[in-house]
Structures are given as structure tokens and as C-alpha cells.
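Colleague: Taking the working numbering, the leading residue of the first sequence gets 6, the next gets one more, and so forth. Okay, here's the structure, questions in a sec.
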Amino acid sequence: MDYKYLAELLFPCVTLTPEDMEKRYPPRNLPEGAVVSRHAPSPTGYVHLGNIVQSLTSERVCHQSGGVMYLRIEDTDAKREVKGAVGILIDSLAHYKIRFDEGATADGDVGAYGPYRQRQRRDIYHVYAKYLVQNGMAYPCFCTAEELAAIRKRQKAEKANLGYWGPWAVWRDRPIEDIEKALKEGKPWVLRFRSTGSIKNKYKFYDLIKGEIDITENEIDIVLLKSDGIPTYHFAHVVDDHLMRTTHVIRGDEWLASLPVHIQLFKALGFKLPKYAHIGPIMIMDGNSKRKISKRKDPQFGLIYYRKCGYPVESVYEYVLTILNSNFEDWRRANPDTPAEEFRFSLKKMNPAGALFDAAKLNDISKNVVSTMSADKIYADLLEWAKEFEPGFARALEADPDYAKAIISIGRGGKKPRKDYGTWSELREYMKFFYDDTFDVVDEYPEEADKSDIKATLAKFLETYNPADEQGVWFDKIKAIAASLGYAPEMKEYKQNPGTFRGSIADISMFLRVAVTGKLNSPDMYTVMQILGEARVRQRIESMLSRLG
RNA sequence: GGCCCGUUGGUCAAGCGGUUAAGACAUCGCCCUUUCACGGCGAUAACGGGAGUUCGACUCUCCCACGGGUCACCA
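Now the structure itself:
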């Protein structure tokens, strides 16, 4: 077979050579040990936790080493194309603070190793495709989908290994005449790799996360170029990561199975093999069993879920970091105020088995994250969230920012900050009773509470209430009310002789709390009253009095 | 079916041949406290099963079971 002739037949317009590519994309001038890696998603319009897990891992490893992190768009599948998806993707990643040094951006490409959208790299792939054909390492295949299905069917019947390989590779050694004829007839074709591997050959390979793994050589003649001339993932991965001078390929472990193909391709093209790190899947509990988290079944997989709930981006970021490197938690406790970027991330610490999505853990982390934020920061983030999901609430916030910030400031700062909420939707619930239009008596008085005592407490409080009082004075007044009604003003006294009192200061406080906040539980009542202001406090207590009749 | 990866408490997980098998979340007590939240103290709870190797195995080897991935002109 005259491979040079075949190559001209297949790729008449390709004049550049692999050497030209080497010149156009020279090795990067980076210090020893600098990692070059990337996030390479396909733009389906659905951005998920997996994207964050992968991109965050790569980004940490790159930037910790003084290397380069870039974004490459894997848009080789025309069927899955969703318009606007690239923009959504870029926005989401930016929202989660994934920092790219080069690659695709909203305004086009940045960097010297582009284009970074695979569809635009067609000519580059064809240079290598032609090279492989010239050297007898690739050939055209004119099989139709039906023919391939038939082969598959026969393989199943014969219990042969599935796939286009060896004796089943019907176009692998066709005479040039057959190829010319098919070409002349305008039959669509794909370019296949001529595999020389055998599944009898096995060897060890070191994966940065999985450790030592067993590789069985690939013997399938995989598709390099689809009939539209666009490469498959495998071919694009090898060409791009070589030309973009990627040192570390960090990706989900669903790719582990095709690693033999990739290694084979790197060798065939004479490229230096990058290091690989395969991340285990994110799992989720489904009843009593674990399964891989899925786009269709689990809303928590989509990033939009976290946005809707109002999880601060920092929370999701720290949660993912916790899942990936469990020692992050210990580090965070020891360094509560240090930016997460200073944590020393390690691929070795990653669990090869993956991690389970744990909503309770996320919530806990989020509460901690929020507890360390300033009121101004919370106000700004809350407002942004509200504008998108609770426009009415957003207007209320903007109408009186100082009022909102005063509410947010309750129990903030200091050594033991309150942790009432971890998301903006929780905060919105929490803030409801501070606003008259969302205030509601959600908790009724307990059955055993004496109605006349409640009324007496409320009435007496109104008589003596002075918003100018210091907290001590304010509380002494409430204690006086308690004493006057036969309730123990001190809990200690009450606990010693509960029988001698009608109740305790706790009950008296509760009578007031329900009237003022509508709830059995609230933050410190003095602070709450200070924020609400005299008018609201009086109005709510009066309204409760008239409710009680 | 072939090939590959994985399996420590309910969950996330330390551990890398000798440990009372960390810590966190969750759960349950107690303390603090005008409620709640926070915080403090404590409790329950684990090496999938079976053979080896070894003086000794959660750690090494093999087999089995279970879970997962993959075998597309999808990534």
C-alpha cells in the first residue's frame, strides 16, 4: 500500500506538517515543576458539580506550582451543541472563582496556544491525521452505522470482544482500489487508527490519584476523525494536550478505560506522555445504596441548584475542597481566617474511590463560612441573590440597607458568632419577622401558658418599656414583671423550688418573644427590639393584646 | 461478557506492618443560657468475607462478594 498516495487522496489540502505545528506551539518557558493543566468541558448548557470538582483540582495544582491553567472548550459534538452554552459555562466558572490564565473567554481567546475551541482547530488535527495516514497508522473506514451494528451483533453471537478490531476491522487492509472507488462514490468515511496493540499485553502505569494501575493494551481501531472531519475526544485530547503543552491531565475516572488508547496515540505521534490524575466519581445516597450522582435524578448536581438555594460561592468552594482533600477541614479549623487558596492542595490526598455528596456537611460548612463574613458582604450577596429569586425582598432590602445590615449584624463578630443560616434563602426566612409585610405569628403560645398572665406581662411591659434603656435596665424591668406575677425572676431560684412559682423568667420572656417576633425562638430579644424600634415593638405587642381579647 | 477502578463507624475520612483505629458532620446525653443558635464536656458507632505471607496485618499477596466505570462517528 502506498500510504503517501492514500494520504494525498484523503487530505489534499493539508500542506503543513507536524514540524510546523511544533514551531507554532513551542514548549512553554516555565520553571521546573510548573504544572500546566486545563479544564476541558463540553458545552452542553448544563454546568455541574463535576465541573467544579475537576476545574478546582486542576486550578489548585497549577497555581500552587506556579504553572498555567487554561480553559479549552470541547465542542466536537455537533449533535449536543446548545447555543449560548459556552457563555453560561464561562460565567459559572467565573462565579465560582475558578481562575484561568488563558483559554476561551467570553470575549474570545486569550493565550498563545489557541484556538481553544476545538471546532476551530480542525486544520491542526488534519495535519496529524495526514501524518498518521502517511505512516500507515491510520486508514479510512466507510462502514455505515448499520454495518457496524451488524458487526456488533455477530460479535455478541460469537461472544467475541466488542468493537472494531483485528478480524472485524473490515476496512483495515482494503486494497487502495476499494478506497478510491468508495471515495469517488462520495461515501462518507471516518479515519480510524490502525492499532497494533494486543489485549494480551499488560503493563503498569502510575496515576497521580489512583496510584499504580494495570493497563491492558488497546486493540480497537478507534475513530480519530468523524465523518464531518471533526476529531473524536481521543484524538483531540492527544493533539491538544501535546500542542498546548499540558503537563498534567486531570479528569474524571470515567476516562480511565480509554487511557490505553490515549497512551497508544501519544506514542504513535511521538509525543511525550503527560502525567495523568483520574478523579473518582461523586456519589450520592439513593435509599440505602450509593450511586454516581446524576444530572437527571439529582438537582444537587447542577450548579444552578446552589444558586437558587443561595449558597455563597465560598461555601460550595470550601465544601468541594473538603470532599477532595479531607485534611482541608483540619487546616480550616487551624486557620479560620486564611484564604482557602493558601491551603496546600494535594492530589495524593484525594480518595481514588471518589466522594459522597453530603448535604448536611455542606450546610454545616456553609454556616461556618457565613458566620465569618462581614455584614456588608452578606448584605451585598443576599441582595444579589434576592434580585434574582425574591424581587420583593430585594426591594425591601434596598429601601433600608442600614436596617437590613443591623439585622444581619446580630451575633456577628466576636469569638462565638451565631450560626443561624448557611444560605440566603435561610437568611431570608430568618429575616422575615423584621419586616411588617412578612411578619406573622408563626408559633402560637403553648397550651399550658396562662392567657391572663400573658396579657398582664404584655401590658406591664408596655407601661415600663423605654427603648433608651441599657440591656441591664431593660432586663431588670422584665424581671420585675415576672416577680409581680409570681414567676421566678432568676432561673436558679426557679430550679431550686419550681413548685413555689407560677413559672420562670423564661416563660415571661417567651410571652414577649412570641408577641414581638411571632416565634418561640429568636436571637437575643433586647437586640431584636433595638433594631425593630419602639414603634414596631409597641404596635406588635398591642396587636397581640387585642388578638388575645 | 471482556477490561479497569474501588470497599475503615449513618456520612466525609486519618492511617502506608506493631495505634486505646484520629478528627469532622449527623445522632443522643449533660453543662452554659430568658428561648434559639453558638460554645464546652461526654456517649453510641467502623477496618466487606475467606485463605495466605509474617513473631505480628486495616495496612502486603491471592480468591470471592458487593459497588462503580467503560467497551459510540458522546464527551
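Ideal placement from N, C-alpha and C gives every residue a C-beta, glycine not left out.
Check whether the Cβ atoms of residue 287 and residue 55 lie closer than 8 Å to each other.
Modeller: Position 282 of the first sequence, counting from 1, holds the residue named residue 287. Position 50 of the first sequence, counting from 1, holds the residue named residue 55. Yes.
Colleague: Determine the contact status of residue 235 and residue 198, defining contact as a CB-CB distance below 8 Å.
Modeller: Taking the first sequence and counting its residues from 1, one reaches residue 235 at position 230. Taking the first sequence and counting its residues from 1, one reaches residue 198 at position 193. No, they are not a contact pair.
Colleague: Using C-beta distances below 6 Å, list every residue in its chain close to residue 375, excluding the 5 sequence neighbours before and after it, in chain order.
Modeller: Numbered from its first residue, the first sequence carries residue 375 at position 370. Here residue 375 has 427 as same chain residues with Cβ atoms under 6 Å from its own Cβ, once five neighbours each way along the sequence are excluded.
Colleague: Tell me whether the beta-carbon of residue 18 lies closer than 8 Å to the beta-carbon of residue 40.
Modeller: As a first step, residue 18 is located in the first sequence; it is residue number 13 there, counting from the start. As a first step, residue 40 is located in the first sequence; it is residue number 35 there, counting from the start. No. Outside cutoff.
Colleague: When the Cα of residue 332 is compared with those of 515, 449 and 353, which residue comes out closest?
Modeller: In the first sequence, counting from the first residue as 1, residue 332 sits at position 327. For the residues 515, 449 and 353, the minimum Cα distance to residue 332 belongs to 353.
Colleague: Confirm, please, whether the CB-CB distance from residue 212 to residue 218 is below 8 Å.
Modeller: As a working mapping, residue 218 is identified with position 213 in the first sequence. As a working mapping, residue 212 is identified with position 207 in the first sequence. Yes, they are a contact pair.
Colleague: If you compare alpha carbons, which of 386, 351 and 252 is closest to residue 4?
Modeller: Here the chain covers residues 6 to 554 and nothing more, so residue 4 does not appear.
Colleague: Should residue 223 be labelled buried (16 or more other beta-carbon atoms within 10 Å of its own) or exposed?
Modeller: Sequence index remark: in the first sequence, residue 223 carries index 218 (1-based). Classification for residue 223: buried.
Colleague: Check the C-beta distance from residue 11 over to residue 181 and give it rounded, since I have them as a contact under 8 Å.
Modeller: The sequence position of residue 11 within the first sequence is 6, counting from 1. The sequence position of residue 181 within the first sequence is 176, counting from 1. Your pair residue 11 and residue 181 checks out as a contact, with CB atoms roughly 6 Å apart and the cut at 8 Å.
Colleague: Is the CB-CB distance between residue 22 and residue 175 below 8 Å?
Modeller: The sequence position of residue 22 within the first sequence is 17, counting from 1. The sequence position of residue 175 within the first sequence is 170, counting from 1. Not in contact: residue 22 and residue 175 (Cβ atoms no closer than 8 Å).
Colleague: Take residue 430 as the anchor and find which of 134, 151, 314 and 125 has the nearest alpha-carbon.
Modeller: As a position in the first sequence, residue 430 is number 425, starting the count at 1. When each option's Cα is compared against that of residue 430, the closest is 314.
Colleague: To the nearest angstrom, how far is it from the Cα of residue 440 to the Cα of residue 403?
Modeller: Position 435 of the first sequence, counted from the first residue, corresponds to residue 440. Position 398 of the first sequence, counted from the first residue, corresponds to residue 403. If I take the Cα positions, the gap works out to 13 Å.
Colleague: At 4 residues or longer, what runs of the alpha helix (DSSP H) sit wholly inside the stretch 429–504?
Modeller: 429–436, 456–469, 476–489 and 496–501
Colleague: Need the endpoints of the beta strand (DSSP E) that residue 265 sits in, please.
Modeller: Counting from 1 along the first sequence, the entry for residue 265 is found at position 260. Not the beta strand (DSSP E): residue 265 falls in the alpha helix (DSSP H), residues 264–273.
Colleague: Residues in its own chain within less than 8 Å of residue 206 by CB, not counting five upstream and five downstream?
Modeller: Position 201 of the first sequence, counted from the first residue, corresponds to residue 206. Answer for residue 206: 221 and 222, listed in chain order.
Colleague: So residue 43 packs on residue 251, CB below 8 Å; how close in whole Å?
Modeller: Along the first sequence, read from residue 1 onward, the residue named residue 43 stands at position 38. Along the first sequence, read from residue 1 onward, the residue named residue 251 stands at position 246. Right, the Cβ-Cβ distance comes to about 6 Å (below 8 Å), so this counts as a contact.
Colleague: Report back the beta-carbon spacing between residue 248 and residue 30 to the nearest angstrom; my notes put them in contact at under 8 Å.
Modeller: Reading the first sequence from its first residue, position 243 is the one you call residue 248. Reading the first sequence from its first residue, position 25 is the one you call residue 30. At roughly 4 Å, the Cβ-Cβ gap stays under 8 Å, so residue 248 and residue 30 are in contact.
Colleague: For residue 83, which three-state DSSP category applies?
Modeller: Position 78 of the first sequence, counted from the first residue, corresponds to residue 83. Helix, per DSSP.
Colleague: Helix, strand or coil: which one does DSSP assign to residue 388?
Modeller: Position 383 of the first sequence, counted from the first residue, corresponds to residue 388. Correct three-state label for residue 388: helix.
Colleague: From the DSSP output, in three-state form, read off residue 187 for me.
Modeller: Against the first sequence, residue 187 aligns to sequence position 182. In the structure shown, the three-state DSSP call for residue 187 is helix.
Colleague: Does DSSP put residue 3 in a helix, in a strand, or in coil?
Modeller: Residue coverage of the chain in this structure runs from 6 to 554, which leaves residue 3 outside it and unanswerable.
Colleague: On a CA-only basis, which of 91, 475, 454 and 445 is nearest residue 114? Give me that one, please.
Modeller: For the purposes of this step, residue 114 is identified with residue 109 of the first sequence, where counting begins at 1. Measuring from the Cα of residue 114, the nearest candidate turns out to be 91.
Colleague: Is it right to say residue 478 is buried, meaning 16 or more other beta carbons lie within 10 angstroms of its own, or is it exposed?
Modeller: In the first sequence, residue 478 corresponds to position 473, counting from 1. When all chains shown are included, residue 478 counts as exposed.
Colleague: If distances are taken between C-alpha atoms only, which option among 229, 522 and 33 comes closest to residue 544?
Modeller: On the first sequence, position 539 is the one that residue 544 refers to. Closest option to residue 544, Cα to Cα, is 522.
Colleague: Do the stretch 459–476 and the stretch 526–538 meet, that is, are 3 or more Cβ pairs less than 8 Å apart?
Modeller: yes
Colleague: Taking three-plus beta-carbon pairs below 8 Å as touching, is the stretch 402–419 in contact with the stretch 292–309?
Modeller: no
Colleague: Give every residue of the same chain whose Cβ lies closer than 6 Å to the Cβ of residue 494, excluding the five residues on either side of it in the sequence, and list them in chain order.
Modeller: For this step, residue 494 is matched to residue 489 along the first sequence. The residues are 484, 487, 488 and 510.
Colleague: Keeping to the same chain, check which residues put their C-beta closer than 7 Å to that of residue 432; ignore five residues upstream and five downstream.
Modeller: For the purposes of this step, residue 432 is taken as the residue at position 427 of the first sequence. Same-chain partners within the cutoff: 387 and 426.
Colleague: Does the Cβ-Cβ distance between residue 246 and residue 285 come in under 8 Å?
Modeller: Numbered from 1 along the first sequence, position 241 holds the residue referred to as residue 246. Numbered from 1 along the first sequence, position 280 holds the residue referred to as residue 285. Going by C-beta atoms, residue 246 is not nearer than 8 Å to residue 285.
Colleague: Taking contact to mean at least 3 C-beta pairs separated by less than 8 Å, is the stretch 117–124 in contact with the stretch 261–268?
Modeller: no
Colleague: Applying the 10 Å Cβ sphere with the 16-neighbour rule, what's the burial state of residue 59?
Modeller: Within the first sequence, residue 59 is the residue found at index 54, counting from 1. By the neighbour-count criterion, in which 16 or more other beta carbons inside 10 Å mark a residue as buried, residue 59 falls on the buried side.
Colleague: Is it a yes or a no for the stretch 44–51 touching the stretch 81–100, going by three-plus beta-carbon pairs under 8 Å?
Modeller: Result yes; three or more Cβ-Cβ pairs closer than 8 Å.
Colleague: Which residues in the same chain as residue 273 place their Cβ atom closer than 8 Å to its Cβ, once the five residues preceding and following it in sequence are excluded?
Modeller: Reading the first sequence from its first residue, position 268 is the one you call residue 273. Within the same chain, residue 273 has close Cβ partners 137, 142 and 198.
Colleague: In chain order, which alpha helix (DSSP H) runs of at least 4 residues are fully inside the stretch 112–141?
Modeller: 127–139
Colleague: Tell whether a beta-carbon distance below 8 Å holds between residue 350 and residue 65.
Modeller: If you number the first sequence from 1, residue 350 lands on position 345. If you number the first sequence from 1, residue 65 lands on position 60. Note that the C-beta distance between residue 350 and residue 65 is below 8 Å.
Colleague: Between which two residues does the beta strand (DSSP E) containing residue 158 stretch?
Modeller: Sequence index remark: in the first sequence, residue 158 carries index 153 (1-based). Careful: residue 158 lies outside any beta strand (DSSP E), inside the alpha helix (DSSP H) at 150–162.
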